[in-house]
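K.L.:
Sequential numbering from 134 applies to the sequence shown in the numbering used here.
We put the CB at the ideal spot given by N, CA and C, even for glycine.
If you're wondering where the values come from, they're calculated on a predicted model, not measured in any experiment.
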Amino acid sequence: MYKKAIGALGGRFMISREVKALCDEHGLGRWEMYFRGRCGVLGEVHPDVVLAAAPFFEPGFVRAMWEGGRSLPAEKAAVLFAGACADWGRRNLAFDGAGRLADLLTKATVAASPAAAPLFAGWRALPLPDDGPGRAAHALQVAREHRGGMHAVAVAAAGLDLLMATIVGSDESGAPLDYRSTAEVARFLSWPEPYPVPAEEDLAKRAHAERLTDALVAPAYDVLTDGEAAELGELLREARATVN
């Protein structure tokens, strides 16, 4: 439910001019800032703790980027990254329904269990911005981290290798994606080539993982009335149309 819109909007700020400005200001590369900012809510932890929370990246890459950004303290990085998220929202989500979008998403994520989703728990614990567009961007990121945590659980439960989960991928319906496009995702996540070609068993496991993710996420949104659920869908469509 809502996964395509939340996936597209929730992390959009991470490749924004606002985050680039943070990189320039603090002398960090984009991936160093990404891991320090996104995962800074975990605190100043061992890099394997970060890997446990962001498992779909190549492990050595996670460790190198987390350690490479140590000049920026984790707690400060998280606050700065959340600020960039809010600023991105102010630039891109300045539509009349932004505050209501934030309210509905927050109603759902407050109801969700933080179990097995440390980044979700950390981002949910951060203060919400006061304004509608800023709150909407933050709420989208929190919702995105909720699904991300549940997806990691689902992939493990399906018995699927983390790289293979990326190589297979899925569209909004859970159907496998084209191998060429998913190979690009694997490169983006810094997995070294050559990549294995998925077998039929891998496709079945990936489809099962997607269905399980949906099932794990759904209870959070069950707190919404039918009217609120429909309204959230419409506001997400409006938000996607608003983003530059």
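Starting from V178 and walking both ways along the alpha helix (DSSP H), at which residues does that stretch end?
P.N.:
In the sequence shown, residue 178 corresponds to position 45, counting from 1. No alpha helix (DSSP H) contains V178, which DSSP labels as neither H nor E.
K.L.:
Taking the Cβ atom as the reference point for each residue, do F189 and T299 lie within a distance shorter than 8 angstroms?
P.N.:
The residue you call residue 189 lines up with position 56 of the sequence shown. The residue you call residue 299 lines up with position 166 of the sequence shown. Result yes, Cβ atoms of F189 and T299 sit closer than 8 angstroms.
K.L.:
If you draw a straight line from the C-alpha of R373 to the C-alpha of D311, how long is it?
P.N.:
In the sequence shown, counting from the first residue as 1, residue 373 sits at position 240. In the sequence shown, counting from the first residue as 1, residue 311 sits at position 178. The straight-line gap from Cα to Cα measures roughly 24 angstroms.
K.L.:
Using a Cβ-Cβ cut-off of 7 angstroms (strictly less than) and excluding sequence neighbours within five positions of G265, which residues of its own chain qualify?
P.N.:
Residue numbering aside, residue 265 sits at position 132 when the sequence shown is read from its first letter. Same-chain partners within the cutoff: A231, G232, A235.
K.L.:
Taking only three categories from DSSP, how would you classify D263?
P.N.:
For the purposes of this step, residue 263 is taken as residue 130 along the sequence shown, with counting starting at 1. In this structure, D263 counts as coil in the three-state DSSP scheme.
K.L.:
What does the alpha-carbon distance come out to for the pair G201 and R171?
P.N.:
For the purposes of this step, residue 201 is identified with residue 68 of the sequence shown, where counting begins at 1. For the purposes of this step, residue 171 is identified with residue 38 of the sequence shown, where counting begins at 1. So the two alpha carbons sit approximately 15 angstroms from each other.
K.L.:
For P251, does the three-state DSSP call read helix, strand or coil?
P.N.:
Stepping through the sequence shown from its first residue, residue 251 is reached at position 118. DSSP places P251 in helix when its eight states are reduced to three.
K.L.:
How would you write the range of the alpha helix (DSSP H) that M297 sits in, first residue to last?
P.N.:
To locate residue 297, count along the sequence shown from 1; it is residue 164. It spans 295-301 - the alpha helix (DSSP H) in which M297 sits, taken as one unbroken run.
K.L.:
In chain order, what residues of the same chain lie with their CB nearer than 6 angstroms to the CB of E278, ignoring the 5 residues before and after it?
P.N.:
Residue mapping note: residue 278 aligns to position 145 of the sequence shown, counting from 1. These residues qualify, in order along the chain: L252, F253, W256.
K.L.:
Quick one: Cα of R163 to Cα of R169, how far?
P.N.:
By 1-based counting over the sequence shown, the position of residue 163 is 30. By 1-based counting over the sequence shown, the position of residue 169 is 36. C-alpha separation (whole angstroms): 10 angstroms.
K.L.:
Label P405 either buried or exposed according to how many other C-beta atoms from any shown protein chain fall within 10 Å of its C-beta, with 16 as the threshold for buried.
P.N.:
Outside the displayed span of the chain (134 to 377) sits residue 405, for which this structure offers no information.
K.L.:
Between which two residues does the alpha helix (DSSP H) containing A348 stretch?
P.N.:
Within the sequence shown, residue 348 is the residue found at index 215, counting from 1. It spans 333-354 - the alpha helix (DSSP H) in which A348 sits, taken as one unbroken run.
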